């Protein structure tokens, strides 16, 4: 019999626009498109086999969520990595994630969380997790967060958290791609134990600790990126605040991305 609770089952969206949005967003998060890179609707249609209307609607959703921006006479561009964007993510998470400590969990929910924690623990056996192993641990963490968000009584807050988590993945993947350091995955065992014992205050503290770890790692990475930038380039730019400064990977623009729409 099919196990509908299996963590290996696909948890994808159902409508075409949501599917296209998910695929384009994942490509951005994984670095297939660089920050600031121009996107062609036609190329995206050809790549993902969706109609123009579906792709345009998906890009509009992603623009609303902070992944792409619409540029006059230039089309769509991937949003840059910025200090302001990082601050929005870290402050938003620190404000909203502690609310997950107060959600009501059923016995089945607790069992599901314990199963995901066990799978994370199994992957950690034998030393630090790296590469695909770390990615899988983080995928289980994403499922844990998703289950908790689904139990919130405020769907709007759950949606905000979903956007923040996806944007956090985008920033984290960007910084880790140019560093040998990796942010250690969160161990949710103590959180589940706290929820099981109805110690919501302790659970909230654990959530805040995870937010602080993300903020510390990404802010340090951002600082190193800014310090590595050539001084002469900074001097040529108009005066802007530190929050508006952005960092981009060297963009190896494909020829098809240079075409007008």
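Numbering (the UniProt record's numbering), first residue to last: 1 to 261.
Even glycine gets a Cβ: it sits at the ideal position worked out from N, Cα and C.
Predicted model, so just to flag it, every value in this text is computed and none were measured.
Kindly identify the DSSP beta-bridge partner or partners of residue 76. In the DSSP output, where bridge partners are listed per residue, residue 76 has 39 and 70.
Through-space distance from residue 50 to residue 20, alpha-carbon basis: Looking at the two C-alpha atoms, the distance is approximately 7 Å.
Can you find the residues in the same chain that come closer than 8 Å, C-beta to C-beta, to residue 166, ignoring five residues on each side of it along the sequence? Closer than 8 Å at the Cβ level, and outside the excluded window around residue 166, lie 25, 29, 65 and 67.
Please work out which residues of its chain come closer than 6 Å, Cβ to Cβ, to residue 148, disregarding the five sequence neighbours upstream and downstream, and give them in chain order. The answer, listed in chain order, is 100 and 103.
Tell me which residue opens and which closes the alpha helix (DSSP H) that residue 54 is part of. First-last of the alpha helix (DSSP H) with residue 54: 52–64.
If distances are taken between C-alpha atoms only, which option among 175, 112 and 95 comes closest to residue 160? With distances taken between Cα atoms, residue 160 lies closest to 95.
Express the C-alpha separation of residue 97 and residue 224 in angstroms, rounding to a whole number. If you take the alpha carbons of residue 224 and residue 97, they lie about 27 Å apart.
Just the C-alpha distance for residue 217 and residue 145, rounded to the nearest angstrom, thanks. Separation of residue 217 and residue 145 (C-alpha to C-alpha, rounded to the nearest whole angstrom) is 20 Å.
Give the range of the alpha helix (DSSP H) segment to which residue 166 is assigned. Here the alpha helix (DSSP H) through residue 166 covers 155–177.
Since residue 105 and residue 195 should fall inside the 8 Å C-beta cutoff, what is the C-beta to C-beta distance between them, to a whole number of angstroms? Yes, they are in contact, since the Cβ atoms of residue 105 and residue 195 sit about 6 Å apart, within 8 Å.
Compare the Cα-Cα distances from residue 139 to each of 42, 188 and 153 and report the closest residue. Answer by Cα proximity: 188.
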